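A quick write-up on the structure given underneath.
In the working numbering, the protein residues as written are 830 to 1194.
Right, dumping it as structure tokens:
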């Protein structure tokens, strides 16, 4: 009898263990689906915004240089910030049917905590900045044909330096943030009219651009479901984006005694791709412990979104001329693809849905 009772207990334990493992395997699949929804959302949010962000460092406002070679300008440097919708807009959706296993929005909020880190997280869900730093050279050639080349490279060392200045209680450094960026812009334009007397300078040109940036952050989230079930996500999440663009621009400017106001209208075709998921060589580790039984799997999926189309872009501002030095300030609005919803701004009833600001110093020669 005792032997039969002992065998029954053993079989029951084996059955309970198998049942727990089946539940864990089911939960692992649901958790992977949740991460897929999040990463796909991030990719979809970023891809349409890349062209506007890449152009934000362009600070050549005047429509024409003084004349043919050797007249031109040197960008020393141009600084721009493009603003777009927050990352992972799915995190703003409170409907529970978005998530198979766990509300990731609430999970992230619980683990971020309070203070500056929480403020940064909440802000990033609403609006996300894309910084740009540009150095360039432009000059006239012959018969009013001008060329301009600009570019920048944002190294990881600069990102590390910025993180080092943030308050320690923000706990940003503990997330091992990664950010690198590369941008190239090349323009050829034909001067239609030089600045003379009461007449402004006008030009029309073609442009090509390439932009790429990589961003990563460490994840270490945990959640207790109760009923002896806990979950943990750890590892490095990565994001890589690439944009190619071809554009046609019309520029106009007028030199006044000290200030040169200018305006520009452009049509740009963009091909943008954003991929997000686990970092190369550092897959996410998903683990669930249930009734003492633990199961861990690595999540190495990446999700890619491609966005292509035509953007209408209008920009304007002014430049202050201090002899050979030129101080630049401008704002650009995206009239085609939604970035940041600015309902209060309109041009003849056309709603401006995104914007960037640029400033910098140029040397004219």
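Even glycine gets a Cβ: it sits at the ideal position worked out from N, Cα and C. Since this is a predicted model, take the numbers as computed values, not measurements.
The residues 980, 1038 and 1039, in chain order, have a CB closer than 7 angstroms to that of residue 1013 in the same chain once the five nearest residues on each side in sequence are set aside. Around the CB of residue 1034, 16 or more other CB atoms lie within 10 Å, so the residue is classed as buried. Taking 7 angstroms as the cut-off, the beta carbon of residue 1099 is found no closer than this to the beta carbon of residue 1121. Residues of the same chain with a CB within less than 8 angstroms of the CB of residue 896, apart from the 5 flanking positions on each side, are 969 and 1023 in chain order. Partner residues in the beta bridge of residue 1039, as assigned by DSSP, are 1013 and 1073. Counting the other Cβ atoms within 10 Å of the Cβ of residue 1144 gives 16 or more, which makes it buried.
For residue 988, the uninterrupted alpha helix (DSSP H) segment begins and ends at 985 to 994.
Unbroken alpha helix (DSSP H) stretches of 4 residues or longer found wholly inside the stretch 859 to 895: 879 to 884, given in chain order. Judged by DSSP in its simplified three-state form, residue 932 adopts coil rather than helix or strand.
Going by DSSP, residue 1107 is part of the beta strand (DSSP E) stretching over 1088 to 1107.
If you draw a straight line from the Cα of residue 1135 to the Cα of residue 1076, it comes to about 19 angstroms. Separation of residue 898 and residue 905 (C-alpha to C-alpha, rounded to the nearest whole angstrom) is 20 angstroms. Checking the DSSP bridge columns, you'll see residue 1080 partnered with 1032 and 1093. Of the residues assessed, residue 1117 falls on the buried side of the cut-off, its CB having 16 or more other CB atoms within 10 angstroms. Per DSSP, reduced to three states, the secondary structure at residue 1052 is strand.
Taking the Cα of residue 1123 as reference, the smallest distance to any Cα among 1132, 1059 and 1081 is reached at 1059. Looking at 1157, 1161 and 857, the one whose alpha-carbon comes closest to that of residue 903 is 1157. Shown here, residue 1023 sits in coil according to DSSP, grouped into three states, outside any helix or strand.
In summary, residue 993 is exposed, with fewer than 16 beta-carbon neighbours lying within 10 Å of its beta-carbon over all protein chains present. Inside the stretch 1108 to 1147, DSSP marks whole beta strand (DSSP E) runs of 3 or more residues at positions 1113 to 1119 and 1122 to 1128, from first to last along the chain. The three-state secondary structure of residue 1005, taken from DSSP, is coil. Nearest in C-alpha terms to residue 913, of all of 900, 885 and 935, is 885. Nearest neighbour of residue 1148 by Cα position, chosen from 889, 878 and 1048, turns out to be 889. The residue from 857, 863, 866 and 875 with its alpha-carbon nearest to that of residue 1102 is 875. Just so you know, the alpha carbons of residue 921 and residue 984 end up roughly 31 angstroms apart.
Taken atom to atom, the span from the alpha-carbon of residue 1016 to that of residue 958 is near 25 angstroms.
Straight-line measurement puts the Cα of residue 948 at about 22 angstroms from the Cα of residue 1068. As DSSP reads the structure, residue 957 sits in a beta bridge with 913. Between residue 879 and residue 1070 a beta carbon distance of about 6 angstroms is seen, short of the 8 angstroms cut, so the two are scored as contacting.
In the same chain as residue 988, and ignoring 5 residues on each side of it, the C-beta atoms closer than 6 angstroms to its own belong to 1008, in chain order. When the beta-carbon positions are compared, residue 1186 and residue 1160 come within less than 7 angstroms of each other.
DSSP places residue 1085 in no beta strand (DSSP E); its state is neither H nor E.
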